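Each remark here refers to the structure printed beneath this line.
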Amino acid sequence: MEGRILNNDQNNQDQQDHGSADQPNRLAQKQRKSFSKRVIGGVIGILVALVVIIGFLGYRYFDNATQPLNKTDQQVVQIEIPYGANGKKIADILQSKKVIKSGFVFEYWTKAHNLSNFHAGYYQLKPSMSLAQIAKALNKGGSSEPIQSSTGRVLIVEGSQIKTIAKTVQKQTDFTSQEFLALMKDETFIKSLAKKYPELLGSAMTAKNVRYRLEGYLFPATYIADKKTTLKQLVTQMVSKTDAEMQPYYQEIKKEKLSVQEVMTLASLVEREGSTTKDRRLIAGVFLNRLDAKWRLDSDISVFYAINSSKSTLTAKDLQSKSPYNLRLHLGYGPGPFNSPSLISIKAVLDPAQRSKDYMYFVADLKTGKVYYAKDAAGHAANIKKVAKHNGTDENGQ
């Protein structure tokens, strides 16, 4: 019995000694657990704070994006919504055209408000419009053609090419240059004009390799684009004006055994080569003399058009352009006009001056504007030398 008692006492002592040894471990574990809880709590707190901040910023962004892009900007932006465009595509178009702040927000907002029955067509929208106003317009439906929603004046300057007129139209109306150029390639529309103005456009419709069939037939003048004027109506005004101006000359053109396309082509060259009525008539005479002699017209104006460039000088490579418009390389009139000539230039072609003198060459002094004419190559070379000496540079003559 005594031995067992001693053993029990010893066992109790051992347990006490072991407990005292585990006590620091338990304390360390408690400290680690407490630290872990604090870390986890801190992380959770940070995450919650981030969620709150992100949520707040997201709300601010979303709320801001639902507001008009610019409440004070009343500039009309014409937008085309193509057939088959889904919500995302429409939202992207609106954002790219800068009438809304965010395509993503617009798409989400319209879905949330059950506004998705949008129609294809042309729309006149403004950066000052709210999402609700824009969505309402898209639900109502647009026009089948571009429409001028504000009153604009379009001034076509003498000698303007179609690509220049396109920029002018974009600057002075709601229509874009892309819409204008697309219409210049619309064969259905052009055929409808030819049917309406057969005397004017008959020869243009049979021409080959033309860049723009209406080049030369958009008369230089000022046009009014009232509210609700379509782009087709605006272009029709230009063609109609050309036809009205040409009416007195159709019989004369036939008498001279020329086509309207040929007259307009020569007039477009005369427009850019001469600056005075006198010189235009003389230059027209030179061109007609060359055609009679089966010579090339050799006009630099034709080369610039052929290479589709407005740079100031031509290179040897430019002069060898294979384009049918390059009349330094090809005989005849080429495909058609190079710009919209004035009535003065058209009349110069129909009533040229001094053809009896057989002028075959001309060269202009760019400093004085004076044009020198010659019957032969020797006289032309002397004129070129004279002009070059006056200008202090080499000069290419025609």
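Just so you know, the sequence shown maps onto residues 18 to 415 in our numbering.
In this text, a Cβ means the ideal position worked out from N, Cα and C, and glycines have one as well.
Given the structure is predicted, the values throughout are model-derived calculations rather than measurements.
For residue i, does the three-state DSSP call read helix, strand or coil?
i      : result
Thr168 : coil
Val380 : strand
Val94  : strand
Ala370 : coil
Tyr214 : coil
Thr294 : helix
Thr193 : coil
Ser276 : coil
Ser177 : strand
Ser357 : strand
Thr351 : It is worth fixing the name first, because residue 351 is Gly in this sequence and not Thr. Three-state DSSP puts Gly351 in coil, outside helix and strand.
Could you please give the first and the last residue of the uninterrupted beta strand (DSSP E) stretch that includes residue i?
i      : result
Val388 : Val388 to Ala391
Gly138 : Gly138 to Leu142
Could you tell me which residues DSSP pairs with residue i in its beta bridges?
i      : result
Ile241 : Arg170
Ser160 : Tyr139
With C-beta atoms as the reference, is residue i less than 9 Å away from residue j?
i      : j      : result
Tyr378 : Ala394 : yes
Gln178 : Ser220 : no
His136 : Gly104 : no
Ile164 : Leu248 : yes
Ser316 : Leu346 : no
Leu299 : Leu308 : no
Glu175 : Glu97  : no
Gln189 : Ala238 : no
Asp203 : Gln95  : no
Gly233 : Asn325 : no
Phe121 : Leu148 : no
Lys213 : Thr253 : yes
How far does the alpha helix (DSSP H) with residue i in it reach, from first residue to last?
i      : result
Leu132 : Unbroken run through Leu132: none, as it is neither H nor E.
Lys406 : Ala394 to Asn408
Gly104 : Gly104 to Ser113
Met255 : Leu248 to Met263
Asp203 : It is not in any alpha helix (DSSP H) - Asp203 carries neither H nor E in the DSSP assignment.
Tyr100 : That residue, Tyr100, is in no alpha helix (DSSP H); it is neither H nor E in DSSP.
Ala152 : Leu148 to Lys157
Leu336 : Ala333 to Leu336
Ala310 : Careful: Ala310 lies outside any alpha helix (DSSP H) and carries neither H nor E.
Ser319 : Asp317 to Ala323
Tell me whether residue i is buried or exposed, calling it buried when 16 or more other Cβ atoms sit within 10 Å of its Cβ.
i      : result
Thr246 : buried
Asn408 : exposed
Lys118 : buried
Ala399 : exposed
His130 : exposed
Glu288 : buried
Val404 : buried
Ser373 : exposed
Glu290 : buried
Pro215 : exposed
Gly349 : exposed
Trp126 : buried
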